[in-house]
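Student: Submitted below is the structure of interest, expressed as structure tokens.
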Amino acid sequence: MCGIVGYIGTKKAVPVLINGLLSLEYRGYDSAGLAVLNNDNSLKIVKDMGRVKKLQDNSELESLTGSIGIAHTRWATRGMPSKINSHPHTDNNNTFTVVHNGIIENYDELKSFIEKKGYALHSETDTELIPNLIHYFYNKNTKKGVLFAVTEALKKLEGSYALEITSPLLKDEIIVVKKDSPVVIGVGKNENYIASDIPAILSYTKDFYFMEDYEIAEVKKDSITFYNYDLNIIEKEIKNIEWDAIASEKNGYDDYMLKEIYEQPTAIRETIGTSFNKEGNINLPLNSLDVNKYNKIYIVACGTAMHAGIATKYIFEKFTQIPCEVDMASEFRYRNPLINEKTLCIFISQSGETADTIAALKLAKKSGSTTLSIVNVIGSSITRISDFVLYTHAGPEIAVASTKAYTCQVTLLTILALFISEKLGLSNTADFEKLKNDLNQLPDKIKYILDNCDKVKNIANQIYQDKNMFFIGRINDYAVAMEGSLKVKEITYIHSEAYAAGELKHGPIALIEDGVSVIGIITNPSISSKTLSNLDEVVTRGANIILISNQDIDINSSNINEESIVKIPDCSSLISPVLSVIPLQLLAYHIAKCKKLDVDKPRNLAKSVTVE
Ligand code: M6R
Numbered sequence: 030m031c032g033i034v035g036y037i038g039t040k041k042a043v044p045v046l047i048n049g050l051l052s053l054e055y056r057g058y059d060s061a062g063l064a065v066l067n068n069d070n071s072l073k074i075v076k077d078m079g080r081v082k083k084l085q086d087n088s089e090l091e092s093l094t095g096s097i098g099i100a101h102t103r104w105a106t107r108g109m110p111s112k113i114n115s116h117p118h119t120d121n122n123n124t125f126t127v128v129h130n131g132i133i134e135n136y137d138e139l140k141s142f143i144e145k146k147g148y149a150l151h152s153e154t155d156t157e158l159i160p161n162l163i164h165y166f167y168n169k170n171t172k173k174g175v176l177f178a179v180t181e182a183l184k185k186l187e188g189s190y191a192l193e194i195t196s197p198l199l200k201d202e203i204i205v206v207k208k209d210s211p212v213v214i215g216v217g218k219n220e221n222y223i224a225s226d227i228p229a230i231l232s233y234t235k236d237f238y239f240m241e242d243y244e245i246a247e248v249k250k251d252s253i254t255f256y257n258y259d260l261n262i263i264e265k266e267i268k269n270i271e272w273d274a275i276a277s278e279k280n281g282y283d284d285y286m287l288k289e290i291y292e293q294p295t296a297i298r299e300t301i302g303t304s305f306n307k308e309g310n311i312n313l314p315l316n317s318l319d320v321n322k323y324n325k326i327y328i329v330a331c332g333t334a335m336h337a338g339i340a341t342k343y344i345f346e347k348f349t350q351i352p353c354e355v356d357m358a359s360e361f362r363y364r365n366p367l368i369n370e371k372t373l374c375i376f377i378s379q380s381g382e383t384a385d386t387i388a389a390l391k392l393a394k395k396s397g398s399t400t401l402s403i404v405n406v407i408g409s410s411i412t413r414i415s416d417f418v419l420y421t422h423a424g425p426e427i428a429v430a431s432t433k434a435y436t437c438q439v440t441l442l443t444i445l446a447l448f449i450s451e452k453l454g455l456s457n458t459a460d461f462e463k464l465k466n467d468l469n470q471l472p473d474k475i476k477y478i479l480d481n482c483d484k485v486k487n488i489a490n491q492i493y494q495d496k497n498m499f500f501i502g503r504i505n506d507y508a509v510a511m512e513g514s515l516k517v518k519e520i521t522y523i524h525s526e527a528y529a530a531g532e533l534k535h536g537p538i539a540l541i542e543d544g545v546s547v548i549g550i551i552t553n554p555s556i557s558s559k560t561l562s563n564l565d566e567v568v569t570r571g572a573n574i575i576l577i578s579n580q581d582i583d584i585n586s587s588n589i590n591e592e593s594i595v596k597i598p599d600c601s602s603l604i605s606p607v608l609s610v611i612p613l614q615l616l617a618y619h620i621a622k623c624k625k626l627d628v629d630k631p632r633n634l635a636k637s638v639t640v641e
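Numbering-wise, our numbering comes out as the position in the sequence shown, counting from 1, plus 29.
Right, here's the structure in full:
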């Protein structure tokens, strides 16, 4: 999704802006641009399609010497990727220059409004409306000043936006606005920074203001003033972020994704460590959560985060005895779900900024349900809206394909289910104790898988030219199949499908022919023979089987070649997704490397999906 960076201070703005854009590359984009207010008060814009590197090499940047600048990476929504559609955009008189993350939904109405007022739009973007609207309102009532014109323009906008506004009229400030799209302000000494995401400016400061919806900031080099849309001043608190800037760099790994895969033992250890006290008892910051009042649990999220929900649904049902449903946020928000004050709605999000998840969360709040969110990014939008928040301690996840966030989410959801179970007085069972013990062993077992994963690389070498793949499993092995299949789709561009193993013969088996790879996941001893039979059914139709399992598979009777079996350490089948997903993450990674693809920035994808 689009990325925003801004700088105001005493240094040259361009290097800071370019660094920030480079750090935001993982969000996904197709064009990049920036605008700098030079010391002679002239505003210069450089922008184009393509990578930030191309912008960085553009010789026109040499004439941008000022210390006030705004920058943007664009992920096309309205209007194709092109130079003219790239940000920044200015009004017809080149007075106001804007970068925008989000979507203006009443584009048609505003386009005809502004055209009737004599303005012409040159790009296909919705963003270009904004500087023109500001100009119109400024011209109409110049005496009231720029900030007033901005608020008048904002009142006309429907949709989502994080905006940076600069102008020769604003000699020593940048105006920042937020509604439904993320933006943070980093506080420095005699300089301040703006970004849509913390990592973009983490190497400059650890002190941040998190802007809320309907807030405006007047950012000068030595002060930041916040207003609401009525231009009343708002007091806000600076938050200190402990993330290490180095932790969000590659640290010797070829790619962020690989680094993040290898960080999983530490990330899970941290997530567990912060959820238990010294005596080994679960200790979550949920004192006022009245667990007795719920007759339904909903887990709502998107993509990988939703898969974490599916993988743990069974744990919630088994240990809390409360029915649990998992839903995609994009569906939940529009399907009038049956939720009320007796529903506990759990939202999962790595970024805490996913537009659909935020909308689903707002809907749940409106219905009177309790909202509890599991989020990785501290201070993100979801954490500020939810009744309760639990943090995964995965650290910054930069690669578009989520890995360590997923395993931390599964771990924390499991701890949450056990916490509720304990509070309900249902924890006095051997299964409860076993799961608690197994949780603590996860970091070492993941490390074992990572230290012994050569087989996965060999398998990737053999199948990377495949055109189709199937991932199958039952119960939570099926949840992992979905996640493995998503990883393959995202970064290898191979078409892959995940199926509940028992469903294959109800249709998809028609697609099995010689050489099609079918990846089976088997971690539950009580049903392993069932999935094995399903694998035998596809072997006889020519499929190439790869098996991820913690069971001792009898190779002779199952027709599966030893080299294609990836053995993972044993653990309770309930928590096995945290282990069985690791070889699948690596498989997708190595296939993408064999195909020489950019694993961290797959085509068409964005890290934070901040539009609907
Ligand atoms: O930041 P979120 O966890 O809310 O993001 C949700 C999905 O967009 C995300 O998990 C996506 O599916 C990943 N690219 C998967 O690797």
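Glycine included, C-beta positions come from ideal geometry on N, C-alpha and C.
Owing to the predicted nature of the structure, the values given are computational and were not obtained by experimental measurement.
Can you list, in chain order, the residues of its chain with a C-beta nearer than 8 Å to that of A617? Leave out the 5 residues immediately preceding and following it.
Tutor: Answer for A617: A430, G513, K516, V517, E519, I520, T521, listed in chain order.
Student: Under the criterion of a Cβ to heavy atom distance below 7 Å, does A388 qualify as lining the ligand M6R?
Tutor: No, Cβ of A388 sits at least 7 Å from all heavy atoms of the ligand M6R.
Student: Out of curiosity, what's the CA-to-CA distance linking I143 and T333?
Tutor: Near 41 Å, if we compare the C-alpha coordinates of T333 and I143.
Student: Regarding E370 and the ligand M6R, is the C-beta to nearest heavy atom distance less than 7 Å?
Tutor: No, Cβ of E370 sits at least 7 Å from all heavy atoms of the ligand M6R.
Student: Do you know how far the Cα of E134 is from the Cα of E187?
Tutor: One C-alpha to the other measures close to 5 Å.
Student: Would you mind reading off the limits of the alpha helix (DSSP H) that contains Y167?
Tutor: Y167 -> alpha helix (DSSP H) spans 158–169.
Student: Could you tell me which of T400, K395, I344 sits nearest to K465, measuring between CA atoms?
Tutor: It is I344.
Student: Just the Cα atoms here: how many angstroms apart are I262 and T432?
Tutor: So the two alpha carbons sit approximately 41 Å from each other.
Student: Going straight from the alpha carbon of V320 to that of G531, what length do you get?
Tutor: Computed Cα separation, rounded: 35 Å.
Student: For T102, which beta-bridge partners are listed by DSSP?
Tutor: T102 is bridged to G32, A61.
Student: In or out: L271 buried (at least 16 other Cβ within 10 Å) or exposed?
Tutor: Residue identity check: residue 271 is Glu in the sequence provided, not Leu. So E271 ends up on the exposed side.
Student: Between which two residues does the beta strand (DSSP E) holding S578 run?
Tutor: Per DSSP, S578 belongs to the beta strand (DSSP E) from 573–578.
Student: N588: which of S96, I575, S252 sits nearest, CA to CA?
Tutor: Of the candidates S96, I575, S252, the one whose C-alpha sits nearest the C-alpha of N588 is I575.
Student: Quick one: what does DSSP say N219 is sitting in, helix, strand or coil?
Tutor: If DSSP states are grouped into helix, strand and coil, N219 belongs with coil.
Student: Buried or exposed for L51, please, with buried defined as at least 16 other CB atoms from any protein chain shown within 10 angstroms of its CB.
Tutor: Buried: at least 16 other Cβ atoms inside 10 Å.
Student: When the distance is taken between beta carbons, is T552 closer than 8 Å to D581?
Tutor: No.
Student: If we ignore side chains and look at the alpha-carbon of each, how far apart do N123 and I132 end up?
Tutor: When rounded, the distance between both Cα atoms is 22 Å.
Student: Alpha carbon to alpha carbon, how far is K486 from F177? Give it in angstroms, no decimals.
Tutor: Each residue's alpha carbon lies about 59 Å from the other.
Student: Terminal residues of the continuous alpha helix (DSSP H) containing G174?
Tutor: Segment 174–185, the alpha helix (DSSP H) holding G174.
Student: Which of the three DSSP states, helix, strand or coil, is assigned to L90?
Tutor: In this structure, L90 counts as helix in the three-state DSSP scheme.
Student: Which residue comes first and which comes last in the alpha helix (DSSP H) that contains M511?
Tutor: Unbroken alpha helix (DSSP H) run through M511: 505–521.
Student: Kindly examine the ligand M6R and report whether one of its heavy atoms sits closer than 7 Å to the Cβ of G32.
Tutor: Checking the Cβ of G32 against the ligand M6R gives no.
Student: Applying the criterion that 16 or more other CB atoms from any shown protein chain within 10 Å of the CB defines a buried residue, is S60 buried or exposed?
Tutor: Answer is buried; the Cβ neighbour count reaches 16.
Student: CB of G332 to nearest heavy atom of the ligand M6R: below 7 Å?
Tutor: Under cutoff, so the answer is yes.
Student: Go ahead and label Q614 buried or exposed: buried means 16 or more other beta carbons lie within 10 angstroms of its beta carbon, across all protein chains shown.
Tutor: Buried: at least 16 other Cβ atoms inside 10 Å.
Student: Taking 8 Å as the threshold (C-beta atoms), are S409 and E370 in contact?
Tutor: Going by C-beta atoms, E370 is not nearer than 8 Å to S409.
Student: Count the other CB atoms, across all protein chains shown, that sit within 10 Å of the CB of L390; report buried if there are 16 or more and exposed otherwise.
Tutor: Per the 10 Å Cβ criterion, buried.
Student: The ligand M6R heavy atoms versus the CB of T126: any closer than 7 Å?
Tutor: False, no ligand heavy atom lies under 7 Å from that Cβ.
Student: Should E89 be counted as a contact of the ligand M6R given a C-beta to heavy atom distance under 7 Å?
Tutor: False, no ligand heavy atom lies under 7 Å from that Cβ.
Student: Thinking C-alpha only, which one of L53, L608, P598, N257 is nearest Y285?
Tutor: Ranking L53, L608, P598, N257 by Cα distance to Y285 puts L53 first.
Student: Whose C-beta lies closer than 6 Å to the C-beta of I113 among residues of the same chain, with five residues either side of it excluded?
Tutor: Cβ neighbours of I113 beyond the five flanking positions: S152.
Student: Straight-line CA distance for K169 to E181?
Tutor: Distance between the alpha carbons of K169 and E181 is about 11 Å.
Student: Buried or exposed: which applies to S189, given that a residue is buried once 16 or more other Cβ atoms fall within 10 Å of its Cβ?
Tutor: When all chains shown are included, S189 counts as buried.
Student: Tell me whether N579 is buried or exposed, calling it buried when 16 or more other Cβ atoms sit within 10 Å of its Cβ.
Tutor: So N579 counts as buried.
Student: Taking the alpha carbon of A423 as the point to measure from, which residue in I328, I492, R298, F166 has its own alpha carbon closest?
Tutor: Of the candidates I328, I492, R298, F166, the one whose C-alpha sits nearest the C-alpha of A423 is R298.
Student: Rounded to whole angstroms, what's the CA-CA distance from C31 to E592? Just pull it up for me.
Tutor: Cα to Cα, C31 sits roughly 43 Å from E592.
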